[in-house]
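Per our numbering, the sequence shown starts with residue 1404, numbered consecutively.
From the three backbone atoms N, C-alpha and C, an ideal C-beta is built for every residue, glycine too.
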Amino acid sequence: MRLLDAVVETITPEGKTRSITLADFYHPPGKTPHIETALLPGELIVR
């Protein structure tokens, strides 16, 4: 999916939407292994 430039669409509890490329969605392991994705608190994936 990364090779196809896939995009994750999200929505916040306030109704704001955003698009995140799959390359930016997943965080590599490092100093914050407890944070795996770029999702904000309360944000849901819609597509």
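Asked, Found
"Burial state of residue 1411, where buried means 16 or more other Cβ atoms lie within 10 Å", "buried"
"Span of the beta strand (DSSP E) around residue 1421", "1420 to 1424"
"Exposure of residue 1413, with buried meaning 16 or more beta-carbon neighbours within 10 Å", "buried"
"Which residues DSSP lists as bridging residue 1448, in chain order", "1413"
"Closest by C-alpha distance to residue 1450, when choosing among 1440, 1441, 1429 and 1422", "1422"
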